[in-house]
Amino acid sequence: MWSFILKRLVQGVITVWFIATATFFAMHNVPGDPLLNDRAMTAAIRANVEAKYGLDKPISEQYVIYLGNLVRGDFGISFTQENREVNDIIREHFPVSATLGILAVLFAAAGGVLWGALTALYRNRMPDYLIMFFVILGISVPSFVIAAVSQLTLVGVNSALGATLLPVAGWGTLSHMLLPALVLGLGTMAYLTRLMRSSMLEVIGSDYVRTAKAKGLPASRIFTKHQLRNAILPVITVLGPSIAAITTGGFVVELVFAIPGLGRYFVQAVQQLDYTVIMGTTVFYGAFLVFMVIVVDVLYGFIDPRVRMQ
Amino acid sequence: MNETIKPVLSDDHFTRSAGKQLALYALLALGLLGGLMTLLSFLASGSGGGASGGAIDVENNSITITLRQEPPQLDSGRSTDAASFAVLGHVMEGLLSYDRAGQLIPGVADRWEIREDGATFWLRDNAFWSDGKPVTAHDFVFAWRRVVDPATGSQYAFITYPIKNAEAITNGDLPTQTLGVSAASDTQLEVIFEQATPYFDKLVAFITFLPTREDFFKSTNGRYAADADMLLYNGPYVLTEWVHGASMRWTKNPYYWNDEKGFLDAINVAYITTDVNAKLNLFKDAQIADTDLVAPMLPEAMERRWHIDRFMDGTVFFLEFNHREGRITRNKNFRRALQLAQDPSELVYKVLKEAAYIPAESLFPSWIQGAGDLFRKQHPPIKHQMNIEKAREHLELARIELGLDAWPPIVLLTGDTPVSTLSAEYYQELFKRNLGLELRIDLQTFKQRLAKMTSGEFDIVLSGWGPDYDDALTFGDLFSSWNLNNRGRYDSEEMDGYVRIAQSELDPVKRMQAFAEIQRLSYEDVVVLPMYERGWSFVVDPRLDGLIRRTVGPEVDYTYASIKK
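In structure tokens form, the structure reads like this:
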């Protein structure tokens, strides 16, 4: 087990290095540069600003400096938020995205497993059709539509009640988190429901379930130990990447609900060619994704003993 | 298979029993989630701060507003963007500032004198920093020297170039101490000009000329303006809280001298978002005091009988031609043909349909001041008449002059905002219909468009220009051969001559005549095709009075705002 984890960790580090290098050179090859602004700069002013950011050095030298800083965990200072270190931006805003992401994933996982099991139990009956209708809706409607519509609905509800049921936007308390987390988790929840349904159906028809029934085991035990536990494996597998995807993909939801998360910086940095923030957030998210996949692999070993055996 | 082996449990019984089990798990999950959320909300309480008393809090005499983005740079010597300008406009004050109507009024300076060779500002003795110490002439000397210092890397350093030696210092040729500004005493600031600068009073109202106190600046160890406590304030408000990317709180500055400003005790910036729909929802929910309206929102706003206001943000948009050697657009007959084949009012009224936009008639927008009256009134621009017949004649002339058999596609470079995309498509269709020309739209993001504009990879570019200061020169020098913002590289001695007069002529009437010549030339020589002057529709909570949206200076101004009693 330990050598397995160690191997995965080494692979992870190489992956992150590759991400960093690819991003670095891709970024420098995009036309335009972070110093371009509405107001043109004279050559002298431009040279002053370039020197300030070390952009006057050749690319290869910048790359070496960059890698050196990366190893020390220093991503430098943002080009657009000129007084803030990228480390600070990540430290201040990632927890917000992570909180939102964790909640969303929990909603998605709990909802997905429960709805999926329910549809499988009642397959081809009313609850199944009804839930699958919403699942298709959840998968096909993009999150910015769901976010905007749910916010608008909330405004309607609030004004009908004459009081604030839930805040329309903002961040800070439990009530601020509820709606955005639900919206953010909805797509994944729909996807997991489908996954859980098909995996559950497969298990229901399997031999060992039939054997268990034949042995006369109580229904609750068959359902929990034989069906749920086995059917949940594929869900766990996609959960890791989902956590990373949700935590990094919250840009739209963060924008609509005015949430100070990292997703905003991630997307805007690319638009504004903010080199240091692009590098910082990409490497950070890349490392995060790699880490989540490793965690899932390890987790898998605990849930499915067969994995440990190999 | 079920038919051969009869199951011990019937399907129905199994489903019911498993369903119960599932319901139990659902309850358990809900309970766990609830517990976890409570825990998370404790952890997150430090990172938000969105809670507030609604749009208007009469009891605490405060309001809640939104900002479009986190202010990227509150160090006035280095800031370049509207969001930072808006914040600085509330927490800092320069030598001069603006009144409710947008006219210049005394700020830290209570009187001043502009001469041919320089200027003198006499500072009031009751202007204080937020730590109670007086604002002195030395604070301006320090701030302005910092702007031109190459080590600062200020992008707006060029705006100080009328001051003696400013350009040479920025180029690294002279030490910063040689800048033509000095403190004759604590309350007297002396400025020496590089060349006569009759509009210098308007210039010093700009953000780059705000004061910075040396001892405080040094005490911040390079973190100046990075946080609320890393900045010293001398405006009507001070920043008391600043959660990056999330919220800000501006509270009344007890040391501020002017009783005519700063009526609210606090202004809460509770939300930072660019999403206009989210802002509209917050406004409907009575969480914020004002919001902008875009065209699709206007019917609903009218249905709700909101009082809709409009203001011009000062920016003029135009089609800029590439005048570089070898470009088709260098041919004057070609440009004339395009000019005659279009009419901006069709674009504004029939295509864009933004209520606050007006068709542009000239390079100089309608609000620019002339000598004593509006420039537009004193020097009306040439009346534009669309004439497709004549346009085709000019196009044919151009074709012969250029020796072409057929027209190659013309590249129209544009940004990726909805309005510019729509405009580009309109022109593509228009010139195809009226002139049979094929326009190829090159859609680019902001920085990429700028990169292509700078390197000259376009025939026509959809571009715009907003004012830095309240003087015709902020538009007038745009197409001088030496202006780096002249991205089409228009180069004419006649234009350069008028710009030189406009820069340094002391007689206001003669100076305005030079601007009138620039206006005429830019039409007759078809330097650009004006499209529209941009404006915004907005709504304000009816309980709030005195909110000002400005054409020049900080775009939104709450310093004169108060809650109706």
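Line by line, the protein sequences are chains A and B. What the first sequence shows, in my numbering, is residues 1 to 310, in sequence order. What the second sequence shows, in my numbering, is residues 1001 to 1565, in sequence order. Quick reminder that beta carbons are idealized off the backbone N, C-alpha and C, glycines included.
Residue i, DSSP secondary structure in three states
i: Tyr122 of chain A; result: coil
i: Ile1382 of chain B; result: coil
i: Gln62 of chain A; result: helix
i: Thr1134 of chain B; result: The question names Thr, but residue 1134 of chain B is Pro in the sequence shown. Strand.
i: Phe1318 of chain B; result: strand
i: Tyr208 of chain A; result: helix
i: Arg1511 of chain B; result: helix
i: Lys1006 of chain B; result: Residue placement at Lys1006 of chain B cannot be trusted, given a pLDDT of 47 that sits under 50; what the coordinates show is reported in the next sentence. If DSSP states are grouped into helix, strand and coil, Lys1006 of chain B belongs with coil.
i: Val1181 of chain B; result: strand
i: Glu1401 of chain B; result: helix
i: Lys1564 of chain B; result: coil
i: Gly1050 of chain B; result: The predicted model places Gly1050 of chain B with a pLDDT of 46, which falls under 50 and marks its position as unreliable; any figure quoted below should be read in that light. Here Gly1050 of chain B sits in coil by DSSP.
i: Asp128 of chain A; result: helix
i: Lys1261 of chain B; result: coil
i: Phe1193 of chain B; result: strand
Cross-chain neighbours of residue i in chain B, by beta carbon under 8 Å
i: Ser220 of chain A; result: Ser1017, Ala1018, Lys1020, Gln1021
i: Leu174 of chain A; result: Met1037, Thr1038, Leu1040, Ser1041
i: Val203 of chain A; result: Here the premise fails: no neighbours, minimum Cβ distance about 12 Å.
i: Val155 of chain A; result: Asn1281, Lys1284, Asp1285
i: Leu273 of chain A; result: Lys1447
Within chain A, partners of residue i - CB distance below 9 Å
i: Thr1080 of chain B; result: Asn37, Asp38, Arg39
i: His1244 of chain B; result: Gln81, Arg84, Asp88, Ile89, Glu92, His93, Pro260
i: Gly1172 of chain B; result: Ala44, Ala47, Asn48
i: Asp1075 of chain B; result: Glu82, Asn83
Assumed close pair residue i, residue j - CB separation to whole angstroms, cut-off 8 Å
i: Ala1226 of chain B; j: Arg84 of chain A; result: 7 Å
i: Thr1559 of chain B; j: Asn1268 of chain B; result: Contact flag wrong, Cβ pair sits at about 16 Å.
i: Val1087 of chain B; j: Tyr1233 of chain B; result: Their Cβ separation, rounded to whole angstroms, is 11 Å, which puts Val1087 of chain B and Tyr1233 of chain B out of contact at 8 Å.
i: Ile1358 of chain B; j: Gly1466 of chain B; result: That belief does not hold up - the Cβ atoms of Ile1358 of chain B and Gly1466 of chain B are roughly 15 Å apart, past 8 Å.
i: Val1509 of chain B; j: Ala1371 of chain B; result: 5 Å
i: Gln1519 of chain B; j: Phe1364 of chain B; result: 6 Å
i: Val283 of chain A; j: Leu67 of chain A; result: Not a contact, Cβ separation roughly 11 Å.
i: Tyr184 of chain A; j: Ile246 of chain A; result: The question names Tyr, but residue 184 of chain A in the sequence shown is Leu. At roughly 6 Å, the Cβ-Cβ gap stays under 8 Å, so Leu184 of chain A and Ile246 of chain A are in contact.
i: Gln81 of chain A; j: Ile89 of chain A; result: 7 Å
i: Val49 of chain A; j: Met41 of chain A; result: 7 Å
Proximal residues to residue i (C-beta, below 7 Å), its chain only, five neighbours per side dropped
i: Pro180 of chain A; result: Leu100, Val253, Phe257, Ile259
i: Tyr1161 of chain B; result: Glu1167, Glu1194
i: Asp1117 of chain B; result: Ile1192, Phe1193
i: Asp33 of chain A; result: Leu273
i: Arg1543 of chain B; result: Ile1056, Ile1563, Lys1564
i: His1244 of chain B; result: Glu1070
i: Thr1454 of chain B; result: Arg1487
i: Leu299 of chain A; result: Ile236
Partners in chain A for residue i, counting only beta-carbon separations shorter than 8 Å
i: Lys1013 of chain B; result: The amino acid at residue 1013 of chain B is misidentified as Lys; the sequence shows His. Per Cβ cutoff of 8 Å: Ala219.
i: Thr1274 of chain B; result: Leu255
i: Asn1331 of chain B; result: Per Cβ cutoff of 8 Å: no residues; Asn1331 of chain B is ~25 Å from chain A at best.
i: Glu1070 of chain B; result: Gln81
i: Phe1158 of chain B; result: Arg39, Met41, Thr42, Ile45
Contact set between residue i and chain B, taken where Cβ atoms lie within less than 7 Å
i: Gly32 of chain A; result: Lys1447, Gln1448, Leu1450, Ala1451
i: Phe223 of chain A; result: Ala1018, Gln1021
Same chain only: Cβ atoms within 6 Å of residue i, ignoring 5 sequence neighbours per side
i: Phe1121 of chain B; result: Leu1095, Ala1109, Trp1112, Leu1189
i: Tyr1271 of chain B; result: Thr1066
i: Ala1286 of chain B; result: Gly1054, Ala1055
i: Leu1395 of chain B; result: Ala1337, Leu1435
i: Leu1397 of chain B; result: Asn1333
i: Arg1376 of chain B; result: Ser1366
Other residues of its chain near residue i: CB distance less than 8 Å, five sequence neighbours each side excluded
i: Leu201 of chain A; result: Ala120, Arg123
i: Phe1458 of chain B; result: Asn1322, Val1411, Leu1412, Leu1413, Asp1442, Lys1452
i: Met1312 of chain B; result: Ala1356, Ile1358, Pro1365, Ser1366, Trp1367, Glu1533, Arg1534, Gly1535, Thr1551
i: Arg1124 of chain B; result: Pro1106, Val1108, Ala1109, Asp1110, Thr1187, Trp1257
7 Å Cβ cut-off: residues of chain A touching residue i
i: Asn1599 of chain B; result: It is not possible to answer for residue 1599 of chain B, since the shown part of chain B is limited to 1001 through 1565.
i: Pro1150 of chain B; result: Asn48
i: Gln967 of chain B; result: The displayed coordinates of chain B run from 1001 to 1565. Any statement about residue 967 of chain B would go beyond what the structure contains.
Practice item. Decide yes or no for the touch test of the region 5-24 of chain A against the region 1136-1147 of chain B: beta carbon pairs closer than 8 Å, at least 3 of them. Key: With a cut-off of 8 Å, the region 1136-1147 of chain B and the region 5-24 of chain A do not count as touching, because too few Cβ pairs lie within range.
Point to revise | Three CB pairs or more closer than 8 Å across the region 289-299 of chain A and the region 53-70 of chain A | key: no
Practice item. Mind the definition here: the region 1014-1029 of chain B touches the region 117-124 of chain A only if three or more C-beta pairs lie below 8 Å; say whether that holds. Key: yes
Exercise for review: Evaluate contact between the region 1530-1544 of chain B and the region 1296-1313 of chain B, counting only Cβ atoms and requiring at least three cross-stretch pairs below 8 Å.
Suggested key: yes
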